[in-house]
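Below is one structure, written out as structure tokens; the observations come after it.
In our numbering, the protein residues as written are 321 to 586.
As structure tokens, then:
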């Protein structure tokens, strides 16, 4: 527990510093986190990042991040394709590998990498886009603080009072009580946040966002749990003592930011 808290405090402080600095500082940490997440994703399936298929998948992640960077004027837009064309380019290259490798690269592996590239690429891409908004720092803080409140509430309340399993076939340690505790903590955090930054929206609007973030965040957590279960992996990595890997820490946010974008909240 002590190790988990120390890692969380130090890692969180470092991340919030880059978030506050914004611009290329935040972009740089997002790129690093995306690469580490993709590496962990590959290792769960025992795929080497340096393999041809691993490299192509990483290129797709880079193209999706690059599109967001171009839209914000950080790099030259003419150097990149539009997002749909980037996806198509990645898919074609991965499919070509099945032929070029004489079927040593299986379609199952290609499907796994294509899904992971979109999951990680879009997730971090929309995290980056959110920070570039006029109130991007406040919105990013809002989402991350609510997610932290949700995760912490679910973890501690689940440990203390959890008895009813939420989805044992995917994540045997998660409980209904923990999920409800996370939801409550997220709503409380959103209420406090809107009192401090009322310009973000009216009170009920932000409470609704808090509710949405809690639900989507817990689904994002279950999505990564399902991925780990399918590959027989306990943690995505070991880079964060007490927490596991980067994917284990950012799984909720990788789904929350794209969903908020789809619903035009950010």
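The beta carbon of each residue, even a glycine, is placed where N, CA and C say it ideally should be. Computed from a predicted model, the values in this text were never measured in an experiment.
| Item | Value |
| --- | --- |
| Give every residue of the same chain whose Cβ lies closer than 8 Å to the Cβ of residue 426, excluding the five residues on either side of it in the sequence, and list them in chain order. | 418 |
| Pop quiz: residue 503 and residue 543 are said to be a contact at Cβ under 8 Å. What is the actual Cβ separation, rounded to whole angstroms? | No, residue 503 and residue 543 are not in contact; Cβ-Cβ is about 18 Å, not under 8 Å. |
| At a cut of 8 Å, does the stretch 515 to 525 reach the stretch 456 to 467 through at least three beta carbon pairs? | yes |
| Let me make sure I understand the geometry here. Which of 556, 572, 453 and 471 has the alpha-carbon closest to that of residue 565? | 556 |
| Taking the alpha carbon of residue 446 as the reference point, which residue from 551, 323, 569 and 351 has its own alpha carbon closest? | 351 |
| Does residue 552 come out as helix, strand or coil in the three-state DSSP assignment? | coil |
| Pick out whichever of 540, 505 and 539 has its Cα sitting closest to the Cα of residue 530. | 505 |
| In this structure, how does DSSP classify residue 495 when only helix, strand and coil are distinguished? | strand |
| Looking only at C-alpha atoms, which of 415, 433, 346 and 330 sits nearest to residue 366? | 433 |
| State buried or exposed for residue 523, treating a residue as buried only when at least 16 other CB atoms are found within 10 Å of its CB. | exposed |
| Can you tell me whether residue 449 is buried or exposed, with buried defined as 16 or more other CB within 10 angstroms of its CB? | buried |
| How is the alpha helix (DSSP H) around residue 322 delimited, first residue to last? | 322 to 341 |
| Ignore the nearest five residues each way along the sequence and tell me which others in residue 360's own chain have a CB closer than 7 Å to its CB. | 556, 557, 565, 566 and 567 |
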